[in-house]
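I have placed the structure first, in the form of structure tokens, so that the comments after it can refer back to it.
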Amino acid sequence: MATETASPSTVIEDIPRKPTVLGTLGAFCRDNPLGAFGGFIVITMCVMAIFAPLLTSYDPTDNDFGAMLSAPDWDHWLGTDQFGRDLLSRIIYGARTALLVGFVSSFVGCFLGLILGVTSAYFGGRFDLLFQRVMDVFMAFPLIILALAVVAIFGTGVFNVIIAITIPVIPRAARIVRASALAIREMPYVDAARANGFSHARIIFRHMMPNVMAPFLIILTAQVGQAILIEASLSYLGLGVQEPVPAWGLMLRGGAQEYAESAPWVAIFPGLAITLAVFGFNLFGDSLRDWLDPKMKT
Amino acid sequence: MKWKTNILALPLAAAFAVGGLAAPAVAQTPKSGGILKFVVPDEPPSFDGHRETTFALIHPIAPFYSVLIRPDPQDPDNPEKFQCDICTEMPKPTDDGKTFTFKIRDGLKFHDGSPLTAKDVLATFQRIIFPKEGISSARVAQLAMVESVTSPDDKTIVFKLKHPSGAFIPALAAPFHFIYSKAKLDADPRWYEQNVMGSGPFIFDVREAGARITGKKNPNYHHKGQPYLDGFEAIFAKTQTLRVQAIRGDQAAVEFRGLPPKSRDDLVAALGKDITVQESDWNCLLITSPNHERKPFDDARVRRALTLAVDRWGGAPALSKIAIVKTVGGIVFPNHPLAATKEELQQMAGYGPDIKKSRDEARRLLKEAGQENLKFTLANRAVDQPYTIVGTWLIDQWKQIGVEVTQKAEATGPFYAQLRSGNFDVALDFNCQSVVNPLADTTKFLGTKAGDQYGRYTNAKIEAIHDKMNKTADVAEQRKLMRQFEKIVLDEEAHNSISLWWYRIIPHRSYMKGWKISSSHYINNQLDVVWLDK
């Protein structure tokens, strides 16, 4: 009787190789060129923020009345504002403010939303019902309105702007995460964990939360762009960060309105920076969603 | 008596010298009719002129009221030209300059038809000078020289002073001193906070909160033939861009507070002969007030270092291109006879001609005070012109001596709540007055005694000098005392430091006639002499 036995080498070949980080990135770029472009913008912003002092020789807060409202030239590539401050330096340093506010408020808001959303789904019943109604109240307000209300209470400044943006992000993240967590709650392994007598905290943090990471990452990336936009809006309205801190929205407020006709560069470049940043984060976030969503792959 | 002429002439003596930058108007016969539309940057906190101190009240509300006396609308900065509004003639002081008796016009009526008599004037000034508990009056200190106000009959009002004072008539002419109805005040002393009913050139018509206030012509106005306008519309527009565009698009003829040079240039370029520009030095200044109750600002060395760091002479030309500030000065309105000359200013901390030397001295003082790495927050109003612009400039100046400053700009309400509570390091406050009157205007620098000084300091020496200055009739002596006062306030103790004096630029539609700029955005807003040449 002839028998066929699979050779060990054949078995190894049948097990799919774990993709490398570079390979994964390559696949992402190949499948999502627009997302890759968004990612490139995001990375460029991060590099600008981290290496700002190396990228420009001007201090972004130094007044130079000898160079007030200079048009773009070799000394000031993007021109200067009404205080003679170098616009390129202020945009580069402004990336720090944008990313600090964007990342911190989105991360903290989404993380709190993650915990609250999964907890709400896990316990279900009256707790879920009541908790979701509270979320409904918060979500009834447009993001910018709620942020304005928070700033009105806490005052202006970077820290308060972060709080102002974080609070409206929480219910939005919680609602999305909860939707995924409701399905996971019904999985046999969650029942098994309960049957084993694991604590609620252990089930929520160790067994449910890791399985809702995909929607969490998607909402996180989407919210960074939104947070940057809200920070710029608040600063533009005079309710965000304050002069002389370099921040894109503040640059639009400062001289852009008054000098839009005679020195358009004062308005154009910060506006372009905001547009590109939000565009980059949105492209990246959308592509990430498509890439992580198994339905989109089919 | 010689002092009377001198002392009465003094308060505005210089204002007219710098105020007449507008092209001389060719005399024209006023035309009647039309509605004047103007933009106002903010809404009035209440309608009570006795309580408020803001242009946001004066611009839309002053046209509804009469006052006892006022600067001549056609020559508002001339110290010789105060004129009667509801009185018959400017009185000559008697009793060695201590008594002023005004006769009230016949046939005056409030808009509700009730007669206006000296009893109403008496009730008004009793409320302003001697307010009862629970009534807020903003100008008690400026009329502190008044001992009593009486009304022997329905046509006479008598002010008796504690001592002769050249500051009295200019203080009396403040445009906030609306004449109220005694009957209304008797019924409810706070009635005028929420209601409007005067005897001025226009009758209150409509108020749409957040949008506009309108007035219609008072056919029974006591200046015969006036007002020329059929009515006015005050449109509230918080953003400067909106206000400039309103003038450019002819949705409004003017904004009476003042616009920055850039807006003037844009309007002139866009409208050419259709826009007329009037400019004047402005009786307004920004004051840096360190909180003396908070360390390290209780140390005069730290306060002096902050003023020494500021390059006023270097900053003025540049800032005047982007903000409504222009003139370097001390505590007295620039060019006034009581004001310091450039040479006198240069003897004080922060006004020296050599900024490097000043900043070296500032660093030395900070080191001596153990504050080489000083960091603090500058409390400021969230108003671009000129607050945040000057605040941003000051932060850059302080950075030159190694001081790191964060700006916290807040809306007017929270800003002043913060100042009143004392919860701040250093604040950027203002001192805007109406009729140029240095003896009264400088009360702001008296410390906590002033009532509106947020630096939270007291100084018996400057109080004594100020008191002496107000009681002397000798102008030379007043000037000498003013220098001593200024030296202590701005230099030795550096209780306050002054950035720059404001500069008023009013571009208005050329069809608006009859209105003359003054050194104050509070003056000349009854609009009874304004007319439209359309």
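These protein sequences, in sequence, are chains A and B. In this text, residue positions in the first sequence follow this note's numbering: the first is 1, and each later residue adds one. In this text, residue positions in the second sequence follow this note's numbering: the first is 1001, and each later residue adds one. Just so you know, even glycine gets a beta-carbon here, dropped at the ideal spot from N, CA and C.
Report the three-state DSSP secondary structure of residue i (helix, strand or coil).
i, result
"lysine 1408/B", "strand"
"alanine 1234/B", "strand"
"aspartate 1186/B", "helix"
"phenylalanine 51/A", "coil"
"isoleucine 1523/B", "coil"
"phenylalanine 1430/B", "strand"
"serine 1148/B", "strand"
"glutamate 1372/B", "coil"
"glutamate 261/A", "coil"
"arginine 1212/B", "strand"
"tryptophan 1313/B", "helix"
"alanine 1014/B", "Note on alanine 1014/B: pLDDT 39, under 50, position unreliable in the model; the coordinate value appears next. The answer is coil: DSSP assigns alanine 1014/B none of H, G, I, E or B."
"aspartate 1266/B", "helix"
"threonine 1099/B", "strand"
Taking Cβ positions only, does residue i come closer than 8 Å to chain A?
i, result
"threonine 1443/B", "no"
"isoleucine 1247/B", "no"
"lysine 1326/B", "no"
"leucine 1263/B", "With the sequence shown as reference, residue 1263/B is identified as serine, and leucine is not the correct amino acid for it. Chain A, which has a Cβ nearer than 8 Å to the Cβ of serine 1263/B, makes this yes."
"aspartate 1535/B", "What is shown of chain B runs 1001 to 1534, which leaves residue 1535/B out entirely."
"alanine 1409/B", "yes"
"glycine 1210/B", "no"
"lysine 1535/B", "Summary: the structure shown does not reach residue 1535/B, with chain B confined to residues 1001 through 1534, and so no result is reported for it."
"threonine 1392/B", "yes"
How would you write the range of the alpha helix (DSSP H) that residue i sits in, first residue to last?
i, result
"threonine 1327/B", "Counting along the chain, threonine 1327/B falls outside any alpha helix (DSSP H), though it belongs to the beta strand (DSSP E) covering 1325-1327."
"cysteine 29/A", "21-31"
"isoleucine 1035/B", "It is not in any alpha helix (DSSP H) - isoleucine 1035/B instead sits in the beta strand (DSSP E) that spans 1035-1040."
"isoleucine 162/A", "158-185"
"valine 1158/B", "It is not in any alpha helix (DSSP H) - valine 1158/B instead sits in the beta strand (DSSP E) that spans 1156-1161."
Just mark residue i as buried or exposed, buried being the case when its beta carbon has 16 or more other beta carbons within 10 Å.
i, result
"glycine 1391/B", "buried"
"glutamine 1194/B", "exposed"
"methionine 1512/B", "buried"
"asparagine 1220/B", "exposed"
"tryptophan 77/A", "exposed"
"methionine 187/A", "exposed"
"alanine 1417/B", "exposed"
"glutamine 969/B", "Beyond the ends of chain B as shown, which are 1001 and 1534, falls residue 969/B; an answer cannot be given."
"alanine 1187/B", "exposed"
"arginine 17/A", "exposed"
In whole angstroms, what is the alpha-carbon distance linking residue i and residue j?
i, j, result
"serine 1046/B", "phenylalanine 1236/B", "15 Å"
"glycine 1049/B", "lysine 1182/B", "15 Å"
"arginine 1257/B", "valine 1040/B", "8 Å"
"glutamine 1074/B", "lysine 1516/B", "6 Å"
"valine 224/A", "phenylalanine 269/A", "21 Å"
"asparagine 1078/B", "valine 1435/B", "10 Å"
"asparagine 1524/B", "phenylalanine 1376/B", "40 Å"
"tyrosine 959/B", "isoleucine 1069/B", "Residue 959/B falls outside the range modelled here, since chain B spans only 1001 to 1534, and no answer is possible."
"isoleucine 219/A", "alanine 173/A", "6 Å"
"asparagine 1431/B", "leucine 55/A", "43 Å"
"leucine 1394/B", "isoleucine 1203/B", "45 Å"
"alanine 164/A", "glycine 1514/B", "50 Å"
"glutamine 1433/B", "leucine 1439/B", "12 Å"
"threonine 1276/B", "alanine 1253/B", "10 Å"
"alanine 214/A", "valine 177/A", "9 Å"
"serine 1136/B", "leucine 1143/B", "14 Å"
"arginine 289/A", "glutamine 242/A", "35 Å"
I'd like the span of the beta strand (DSSP E) that includes residue i, first residue to last.
i, result
"proline 1507/B", "1497-1509"
"asparagine 1283/B", "1275-1290"
"alanine 1379/B", "1375-1381"
"glutamate 1208/B", "1202-1208"
"cysteine 1084/B", "1082-1084"
"proline 1071/B", "1069-1071"
Between residue i and chain B, is there a C-beta pair that is closer than 8 Å?
i, result
"glycine 155/A", "yes"
"aspartate 62/A", "yes"
"proline 168/A", "no"
"proline 53/A", "no"
"glycine 240/A", "no"
"glutamate 261/A", "yes"
"methionine 68/A", "yes"
"phenylalanine 37/A", "no"
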